[in-house]
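Asker: In the numbering used here, the protein residues as written are 1115 to 1413.
1) Whose C-beta lies closer than 6 angstroms to the C-beta of residue 1391 among residues of the same chain, with five residues either side of it excluded?
2) Return yes when the Cβ of residue 1202 is within less than 8 angstroms of the Cβ of residue 1430, no when it is not.
3) Give the DSSP-derived three-state secondary structure of residue 1184 in the structure shown.
4) Any chance the segment 1252-1261 sits against the segment 1316-1324, with 3 or more Cβ pairs inside 8 angstroms?
5) Kindly indicate which residue of 1156, 1249, 1250 has the alpha-carbon position closest to the one of residue 1206.
6) Which one or two residues does DSSP pair with residue 1432 in a beta bridge?
7) Compare the beta carbon distance of residue 1381 and residue 1297 with 8 angstroms and say whether it is the shorter of the two.
8) Under 7 angstroms: does the beta carbon of residue 1206 sit that close to some heavy atom of the ligand SAH?
9) Could you give the DSSP three-state label for residue 1403: helix, strand or coil?
10) Over the uninterrupted beta strand (DSSP E) stretch that includes residue 1139, give me the two end residues.
11) Can you tell me whether DSSP reads residue 1365 as helix, strand or coil?
12) Taking residue 1360 and residue 1253 to be in contact with their CB atoms under 8 angstroms, please state how far apart those CB atoms are, rounded to whole angstroms.
13) Grouping DSSP H, G and I as helix and E and B as strand, with all else coil, what is residue 1123?
14) Are the CB atoms of residue 1247 and residue 1364 within a distance shorter than 8 angstroms?
15) Please classify residue 1221: does DSSP put it in a helix, a strand, or coil?
16) Is residue 1195 buried or exposed, if buried means 16 or more other CB atoms sit within 10 Å of its CB?
17) Using 8 angstroms as the threshold, is the C-beta distance between residue 1370 and residue 1320 below it?
18) Skipping 5 residues on each side, what residues in its chain have a beta carbon closer than 8 angstroms to that of residue 1193?
19) For a test of the three-state rule: what should DSSP assign to residue 1148, helix, strand or coil?
20) Given this structure, state the Cα-to-Cα distance separating residue 1281 from residue 1383, to the nearest angstrom.
21) Count the other C-beta atoms from every protein chain shown that fall within 10 angstroms of the C-beta of residue 1238, then say buried if there are 16 or more, exposed otherwise.
22) Secondary structure at residue 1155, three-state DSSP: helix, strand or coil?
23) On the premise that residue 1149 lies in contact with residue 1143, defined as a C-beta separation below 8 angstroms, what is that separation, rounded to the nearest angstrom?
In structure tokens, the structure reads:
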């Protein structure tokens, strides 16, 4: 875990050597997000052979911090003086006579993104600019969610139209159906031939849009820079790229809605024409069965 991801301590954590505690550590004392404090009890200095091992360098190794990350450090009795890094490997002195522990305070170099703008020389990014980028991205996500929902509906509607297109009449329906009804039904079905390619094209575009290279690039920028407010190169170009992607999503969503409405209307017309055909065919069949029998017929 990086030190920046380490949560501030709520209690002292033990450091052990061969199963025995020899020191304790406290991460990020209040008001110091890039610091940590060690404390070594007096008895640790009395362990045979332990004295030479009690160095600030070894304490840092115990918590997986490299000496290159140290900006400054000091131990109790230094009169507030910060020591240089070469001294990290020198054995530490026992605590003062009136103290039970030796305290060592270490300040780390803040990561580049944590350096204040005035210190790094970079111009500060106004909060309004971050909010504008987040608003644009969230608008894109909203349109993509709407488009994906439309895609799911379109896939069901496409399957429904294909089934209606391939449907044939039963033998009774063919015998008793009115010619006008059959003509109307076939006319409604013929529109499927022109609508299906539009539906398939929209489904393909809706799926591809989510995996397009420019979309992936902007998604990574949002996750790694825009959301955590970390400046990045060519930041001024992103609003235009987001605007272009937003317009593309608006066009795709509008196209999908138009195609969906057309396909839904065609499917409804086919179902309506078929229902009318079947109803009239059934009525015609009943009429024929209940008509007068030919003369001379017997039971």
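Even glycine gets a Cβ: it sits at the ideal position worked out from N, Cα and C.
Answerer: Taking the coordinates as given:
1) 1291, 1295, 1299
2) No information on residue 1430 is available, as it lies outside the stretch 1115 to 1413 that the chain covers here.
3) The three-state reading of DSSP puts residue 1184 in strand, counting E and B together.
4) Touching, yes.
5) 1156
6) This structure cannot settle anything about residue 1432, because the visible part of the chain is limited to 1115 through 1413.
7) no
8) No copy of the ligand SAH appears in this structure; indeed no ligand is present at all.
9) helix
10) Counting along the chain, the beta strand (DSSP E) containing residue 1139 begins and ends at 1134-1141.
11) helix
12) Sure, about 6 angstroms apart at Cβ, within 8 angstroms.
13) coil
14) no
15) The three-state reading of DSSP puts residue 1221 in strand, counting E and B together.
16) Bear in mind that the predicted position of residue 1195 carries a pLDDT of just 48, short of 50, making it unreliable; the figure below should be weighed with that in mind. So residue 1195 counts as exposed.
17) Their beta carbons are under 8 angstroms apart, which means residue 1370 touches residue 1320 by this criterion.
18) Low per-residue confidence applies at residue 1193: pLDDT is 48, beneath 50, and the placement is therefore not dependable enough to give any value.
19) coil
20) 14 angstroms
21) exposed
22) strand
23) With a Cβ gap of about 6 angstroms, residue 1143 and residue 1149 count as contacting.
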